[in-house]
Amino acid sequence: ILQEWLRGVQHLYHSVEWRPLEQPSSYADEQSPKHWPDSRFTHVMKLKQAALRAARRLWTDYILFVDSDNLLTNRQVLSDMMAENLTIVAPMLESKSLYSNFWCGITPQGYYRRTPEYIPIRKWKRQGCFAVPMVHSTYLLDLRRRASRALAFYPPHHQYPYHLDDIMAFAFSARQAGVQMYVCNRDHYGYLPVPLKQDQTLEEEEESFSHTLTEALIDFSMEPSKYVHTTPKEPGKLGCDEIFLINLKRRSDRRGRMLRSLAVLGVNATLTEAVDALNSSQLQAMGIDMLPGYKDPYSDRVLTRGEIGCFLSHYNIWKQVVQEELQQVLVLEDDVRFEPRFCSRLVAIMDNVKRVGLDWDLIYVGRKQLQVKEPEYWVKGVRNLVHPGYSYWTLGYVLSLQGAKKLLQAKPLNKMLPVDEFLPIMFNKHPSDEYMQYFEQRDLRAFSVDPLLLFPTHYTGEPGYFSDTETSTIWDDEAVETDWDRDGTKHRRDECVFSKVPFL
Numbered sequence: 032i033l034q035e036w037l038r039g040v041q042h043l044y045h046s047v048e049w050r051p052l053e054q055p056s057s058y059a060d061e062q063s064p065k066h067w068p069d070s071r072f073t074h075v076m077k078l079k080q081a082a083l084r085a086a087r088r089l090w091t092d093y094i095l096f097v098d099s100d101n102l103l104t105n106r107q108v109l110s111d112m113m114a115e116n117l118t119i120v121a122p123m124l125e126s127k128s129l130y131s132n133f134w135c136g137i138t139p140q141g142y143y144r145r146t147p148e149y150i151p152i153r154k155w156k157r158q159g160c161f162a163v164p165m166v167h168s169t170y171l172l173d174l175r176r177r178a179s180r181a182l183a184f185y186p187p188h189h190q191y192p193y194h195l196d197d198i199m200a201f202a203f204s205a206r207q208a209g210v211q212m213y214v215c216n217r218d219h220y221g222y223l224p225v226p227l228k229q230d231q232t233l234e235e236e237e238e239s240f241s242h243t244l245t246e247a248l249i250d251f252s253m254e255p256s257k258y259v260h261t262t263p264k265e266p267g268k269l270g271c272d273e274i275f276l277i278n279l280k281r282r283s284d285r286r287g288r289m290l291r292s293l294a295v296l297g298v299n300a301t302l303t304e305a306v307d308a309l310n311s312s313q314l315q316a317m318g319i320d321m322l323p324g325y326k327d328p329y330s331d332r333v334l335t336r337g338e339i340g341c342f343l344s345h346y347n348i349w350k351q352v353v354q355e356e357l358q359q360v361l362v363l364e365d366d367v368r369f370e371p372r373f374c375s376r377l378v379a380i381m382d383n384v385k386r387v388g389l390d391w392d393l394i395y396v397g398r399k400q401l402q403v404k405e406p407e408y409w410v411k412g413v414r415n416l417v418h419p420g421y422s423y424w425t426l427g428y429v430l431s432l433q434g435a436k437k438l439l440q441a442k443p444l445n446k447m448l449p450v451d452e453f454l455p456i457m458f459n460k461h462p463s464d465e466y467m468q469y470f471e472q473r474d475l476r477a478f479s480v481d482p483l484l485l486f487p488t489h490y491t492g493e494p495g496y497f498s499d500t501e502t503s504t505i506w507d508d509e510a511v512e513t514d515w516d517r518d519g520t521k522h523r524r525d526e527c528v529f530s531k532v533p534f535l
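Counted the way my numbering counts, the sequence shown spans residues 32 to 535.
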């Protein structure tokens, strides 16, 4: 891949040094592909030293080191780092966890040490450029500075006292040369995957990097290089008969992001156009009426047209499941972010559900757990599955044919409320007896994945958040707008963490 890319772009560079080494394909003393013996560290350190030496030989002003699995998403990253006018400076990279490409503390043995300074920088509570004892993975060296001449990767400094490690050896070299390292978080610059453990596989590494890509795609539009041609991953349906992706036609940004993310994950989804812009006569013709007495628990308002459109989008899928007799489908909304190893974890759970013969109708893959008095019980015999309590959101769920029939048999169109309020009623876990009395059969066998595999891309109040259901109009009066959510004065309830109790 790199060789093909170089053929297309090398004319853009002053010089390119290409050192392929296809054999041997492993290190003699390695225990697994993710194991780092001394021979591997030595090899990497020699390569970095060769790059540093070549840059000096060419009288290069700067050298940028970037690990091959780092994703730089900000086109101004080089300009921004050079403008800091520092000898060693790193753009802060983000990951799914708190892991990043800098340390704020080092132990006497040279390893990472937790400090109170780290999290405020990592979470952008403090912004700027900060002196730190370690940067790694992606960083810029200013070779014009006299102090940079003493920097080296290999051989390690003659006083180097630690375990052989490329990043530790270089940080020690910088300290001995009197060169301070800096990390900058004035902007969002890119992503890096969380390091895997020694016993993890190359397949798990691929999943990890795919997840990093999907995280980057939430806020950045990225396309594969036009100079590289790779065979796309054969898309699958995760053991389902169909995977439906609900998307408003006018939300092309969300559609593009989700389709790119699903392609990265190797998921074959059917795009389902969400119901949008219904007028009063259309609602009347469809026999749609609001559940008597319904009020939104946050704003004390009635049903919105956006919520009706959302409900009908799901309702139409339920009808299709029954009409086509689809045994098992996955329903996804277009504002979700995927958890690491989403595909393999979901497949494993559904395989276990099948193995134990669990009678199920609906399985939440993403939801919001609300504060409830009763705990949620683990499902006996199936790992990572619980009996859910009152829940919000329909980010994603697996639905059976039997479950779709039950939802349709409830005849919800003439007593409608938001779909994420309707589902808990159907499995008899809604806190309002007043609402539940309108639905006699409440025997939907619902379960939930735990830990959840889907979360929203954005939460209320965050940059990029927008709701098509809350920022809408009242269902029976187009003149009354419901923009209570847009001004940020009302927010979703805080996340709740439940401790699980023994099997039920």
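Note that CB positions come from ideal geometry on N, CA and C, so glycine has one too.
Please report how far the alpha carbon of residue i lies from the alpha carbon of residue j, in whole angstroms.
| i | j | result |
| --- | --- | --- |
| Leu416 | Leu363 | 19 angstroms |
| Ala183 | Ala247 | 32 angstroms |
| Gln34 | Leu43 | 15 angstroms |
| Gln315 | Met321 | 11 angstroms |
| Val295 | Pro68 | 31 angstroms |
| Lys257 | Gly340 | 39 angstroms |
| His66 | Asp197 | 14 angstroms |
| Ile394 | Ala81 | 54 angstroms |
| Pro64 | Arg176 | 38 angstroms |
| Leu432 | Val352 | 6 angstroms |
| Leu52 | Lys79 | 15 angstroms |
| Thr502 | His489 | Note on Thr502: pLDDT 47, under 50, position unreliable in the model; no value is reported. |
| Asp173 | Pro187 | 20 angstroms |
| Asp392 | Gly434 | 4 angstroms |
| Thr335 | Ser252 | 31 angstroms |
| Gln468 | His345 | 22 angstroms |
| Asp451 | Gln359 | 20 angstroms |
| Ala379 | Ala200 | 41 angstroms |
| Met112 | Phe161 | 13 angstroms |
| Tyr466 | Pro487 | 27 angstroms |
Would residue i and residue j qualify as a contact pair, given that the criterion is a beta-carbon distance under 9 angstroms?
| i | j | result |
| --- | --- | --- |
| Leu343 | Val429 | no |
| Val387 | Val413 | yes |
| Val298 | Ile274 | yes |
| Phe369 | Ser292 | yes |
| Ala477 | Pro406 | no |
| Tyr185 | Thr104 | no |
| Tyr213 | Val163 | yes |
| Leu475 | Leu438 | yes |
| Ser131 | Met123 | yes |
| Ala181 | Ala202 | no |
| Glu338 | Leu223 | no |
| Leu227 | Glu235 | yes |
| Ala205 | His167 | no |
| Arg288 | Ile249 | yes |
Under a Cβ-count criterion, where at least 16 other Cβ atoms within 10 Å of its own Cβ denotes burial, should residue i be classed as buried or exposed?
| i | result |
| --- | --- |
| Ile150 | exposed |
| Ala305 | buried |
| His45 | exposed |
| Gly141 | buried |
| Thr261 | exposed |
| Trp134 | buried |
| Asp424 | The sequence given here has Trp at residue 424, not Asp. Buried. |
| Ala85 | exposed |
| Lys350 | exposed |
| Ile32 | exposed |
| Pro455 | buried |
| Lys442 | exposed |
| Gly39 | exposed |
Go to residue i, then tell me how far its alpha helix (DSSP H) extends in each direction, as first and last residue.
| i | result |
| --- | --- |
| Asn383 | Phe373 to Val387 |
| Glu465 | Asp464 to Met467 |
| Arg206 | Asp197 to Gln207 |
| Glu35 | Leu33 to Val40 |
| Gln140 | Note, Gln140: premise wrong, no alpha helix (DSSP H); not H, not E. |
| Tyr191 | Counting along the chain, Tyr191 falls outside any alpha helix (DSSP H), and DSSP gives it neither H nor E. |
| Tyr149 | Tyr149 to Arg153 |
Mind checking which residues open and close the beta strand (DSSP E) that includes residue i?
| i | result |
| --- | --- |
| Leu485 | Leu485 to Pro487 |
| Arg398 | Leu393 to Gln400 |
| Ser422 | Ser422 to Ser431 |
| Ser479 | Ala477 to Val480 |
| Arg368 | Val367 to Phe369 |
| Val163 | Cys160 to Val163 |
| Met447 | First-last for Met447: undefined, no H or E at that position. |
| Gln359 | Gln359 to Glu364 |
| Leu302 | Thr301 to Glu304 |
For chain D, is any of its Cβ atoms less than 9 angstroms away from the one on residue i?
| i | result |
| --- | --- |
| Met321 | In the displayed structure, chain D is absent; only one protein chain is listed. |
TODO: Could you pull out every unbroken alpha helix (DSSP H) segment of at least 4 residues lying fully inside the region 325-354, listed in chain order?
DONE: 336-354
- [ ] At 4 residues or longer, and completely inside the region 55-130: list those alpha helix (DSSP H) runs for me, N to C.
- [x] 69-88 and 108-114
Task: Inside the region 249-294 only - beta strand (DSSP E) runs reaching at least 3 residues - done: 273-278
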